[in-house]
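Residue numbers (this note's numbering): 65 to 479. Yeah, the Cβ is synthetic: ideal placement off N, Cα and C, and Gly gets one too. Note that this is a predicted model, so its numbers are computed, not measured. The structure under discussion appears below in the form of structure tokens.
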């Protein structure tokens, strides 16, 4: 029931939300069936979250926010929108290939995922590049966005190459060297840097105040990007100094970003506590991911726990924070128009929202602990908590929609 035309593509956004819900069902099935972390079936869950939920949602929202952030109009927008539909289909096929360990399906789905992403990136890159002739700030944002999307396409290319190697069409050595580079580039170089960049705009809306240290965002993003590149190179050319450099860059970049975000939260001036609580939780999980990631680089068996807490804890909770503020605000304008001044906290169902927050934190914590100590029961309980959290969140958003439709005279101009 969203707007037609230049609004966020509703079919892609619906698909992303369904991928998120299905991922918890998949996690429960994996935890209760004895599947080992790192096996092909276990990667079905990882790609449901990383590609199906987080990446598809991000690419969908970029259709709307790219013109808003950069002051440019889309070129070849219909191509980008149609490419998103193809991307969603390709991801579904990829997940099915992992779940069934069908290497032929994985090969074709991996190539299709790369191809549809490239089709999206052609109009996206042309559109973003138009901002280079704008202000210095718009040009800087455009460069950062292009580098982030570049990391995504490299990640997808490595994934396609891995699928080819699985089917015997590429060097078998890639089966051990590609996965670490693919995972770190996707989590750090693509999704984390995208969140870093977007949050420079959205944290002011969520918290009612902005950063006192604007340069911290640039420093943090640069360090994390350098760390991701150093780690990816080290995966192919194992050098202790490269791994050490990557770890140091990650530690400094993540610490700088987390410190800035804590300062913003401490000075918050907006009464919408739900998204602020999600941001606070995301910071905790980000620091946890840093510890587990560095431990993995030093030989600890924490790789699965790192990937899980990075995707579900850090990235997932930041996305949920945006759902409960930016998403609710978009819902308000969709139902009532751009001139309506209703604030998200005036219409949000607080008990449902807090229940969703609690369930998601239980899911993030139990899943991380279970994967770190290889205890399947905790992972299965995490999956159930995550599914309940997802259902509760969907219910909270629907309840907000119903309230907007039913009580407009009372809250149309809430302060």
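Which residues bound the alpha helix (DSSP H) around residue 172? Working through the chain shown from its first residue, we reach residue 172 at position 108. Start and end: 167-193.
C-beta contact flag for residue 486 and residue 373 at 8 Å: Since the first and last residues shown for the chain are 65 and 479, residue 486 lies out of range.
What number of angstroms, rounded off, separates the C-alpha of residue 385 from the C-alpha of residue 440? Taking the chain shown and counting its residues from 1, the one referred to as residue 385 is at position 321. Taking the chain shown and counting its residues from 1, the one referred to as residue 440 is at position 376. When the Cα atoms are used, residue 385 and residue 440 turn out to be separated by approximately 28 Å.
Cβ-based neighbour list, residue 273, same chain, cut-off 7 Å, excluding 5 preceding and 5 following: Taking the first residue of the chain shown as position 1, residue 273 is located at position 209. In its chain, beyond the 5 residues on either side, 328, 331, 332 and 333 have a beta carbon closer than 7 Å to the beta carbon of residue 273.
Quick one: grab the DSSP three-state call for residue 135. One-based indexing of the chain shown puts residue 135 at position 71. In the structure shown, residue 135 sits in coil (DSSP, three-state: anything other than H, G, I, E or B).
When you compare each of 242, 91 and 311 to residue 300 by their alpha carbons, which one comes out closest? Within the chain shown, the letter at position 236 stands for residue 300. Checking every option, the nearest Cα to that of residue 300 belongs to 242.
Which runs of the alpha helix (DSSP H) at least 4 residues long sit entirely within the region 284-348? Give them in chain order. Runs of the alpha helix (DSSP H) inside the region 284-348: 304-330.
Would residue 130 and residue 192 be called neighbours here (beta carbons separated by less than 8 Å)? Residue 130 sits at position 66 when you count from the first residue of the chain shown. Residue 192 sits at position 128 when you count from the first residue of the chain shown. The answer is yes: Cβ separation under 8 Å.
Is it true that the region 400-408 meets the region 136-148, where meeting means three or more beta-carbon pairs spaced less than 8 Å apart? By the Cβ criterion, the region 400-408 is not in contact with the region 136-148, since fewer than three pairs of Cβ atoms, one from each stretch, lie closer than 8 Å.
Count the other CB atoms, across all protein chains shown, that sit within 10 Å of the CB of residue 251; report buried if there are 16 or more and exposed otherwise. Against the chain shown, residue 251 aligns to sequence position 187. When all chains shown are included, residue 251 counts as buried.
Span of the alpha helix (DSSP H), counted from its first residue to its last, around residue 101: Reading the chain shown from its first residue, position 37 is the one you call residue 101. That residue, residue 101, is in no alpha helix (DSSP H); it is neither H nor E in DSSP.
Alpha carbon of residue 151 to alpha carbon of residue 81, nearest angstrom: Here residue 151 is taken as the residue at index 87 of the chain shown, counted from 1. Here residue 81 is taken as the residue at index 17 of the chain shown, counted from 1. Their backbone Cα atoms lie some 15 Å apart in a straight line.
Look at residue 286 and residue 220 and say whether their C-beta atoms are less than 8 Å apart. Mapped onto the chain shown, residue 286 falls at position 222. Mapped onto the chain shown, residue 220 falls at position 156. Taking C-beta atoms as the reference points, residue 286 and residue 220 fail to come closer than 8 Å.
Closest by CA to residue 429, which one among 452, 365, 345 and 455? As a working mapping, residue 429 is identified with position 365 in the chain shown. When C-alpha distances from residue 429 are compared across 452, 365, 345 and 455, the shortest belongs to 345.
Please work out which residues of its chain come closer than 7 Å, Cβ to Cβ, to residue 122, disregarding the five sequence neighbours upstream and downstream, and give them in chain order. On the chain shown, position 58 is the one that residue 122 refers to. Cβ neighbours of residue 122 beyond the five flanking positions: 258.
Compute the Euclidean distance between the alpha carbons of residue 233 and residue 185, then round it to the nearest angstrom. The residue given as residue 233 occupies position 169 in the chain shown. The residue given as residue 185 occupies position 121 in the chain shown. In a straight line, the C-alpha of residue 233 is about 26 Å away from that of residue 185.
Would you check if there are 3 or more beta carbon pairs closer than 8 Å linking the region 281-298 to the region 306-324? When C-beta atoms of the region 281-298 are compared with those of the region 306-324, three or more pairs fall below 8 Å, so the two segments count as touching.
Can you tell which of 349, 424 and 325 has its C-alpha closest to the C-alpha of residue 447? Locating residue 447 in the chain shown gives position 383, where the first residue counts as 1. Of 349, 424 and 325, the residue nearest in Cα terms is 424.
Check whether residue 203 and residue 196 have beta carbons under 8 Å apart: Taking the chain shown and counting its residues from 1, one reaches residue 203 at position 139. Taking the chain shown and counting its residues from 1, one reaches residue 196 at position 132. Cβ distance < 8 Å, so residue 203 and residue 196 count as in contact.
Residue 163 versus 143, 181, 110 and 271, residue with shortest Cα-Cα distance: What you label residue 163 is simply residue 99 of the chain shown in a count that begins at 1. Minimum Cα distance to residue 163 is reached at 110.
Using a Cβ-Cβ cut-off of 7 Å (strictly less than) and excluding sequence neighbours within five positions of residue 350, which residues of its own chain qualify? Translated into the one-based positions of the chain shown, residue 350 becomes position 286. Same-chain partners within the cutoff: 318, 322 and 378.
For residue 239 and residue 249, which I take to be in contact (beta-carbon distance under 8 Å), what is that distance rounded to the nearest angstrom? By one-based count along the chain shown, residue 239 stands at place 175. By one-based count along the chain shown, residue 249 stands at place 185. That belief does not hold up - the Cβ atoms of residue 239 and residue 249 are roughly 17 Å apart, past 8 Å.
Which residues in the same chain have their Cβ closer than 6 Å to the Cβ of residue 360, if we skip the five residues on either side of it in sequence? Translated into the one-based positions of the chain shown, residue 360 becomes position 296. Hits under 6 Å: 366, 367 and 370.
Euclidean distance between Cα positions of residue 460 and residue 347: Within the chain shown, residue 460 is the residue found at index 396, counting from 1. Within the chain shown, residue 347 is the residue found at index 283, counting from 1. Near 24 Å, if we compare the C-alpha coordinates of residue 347 and residue 460.
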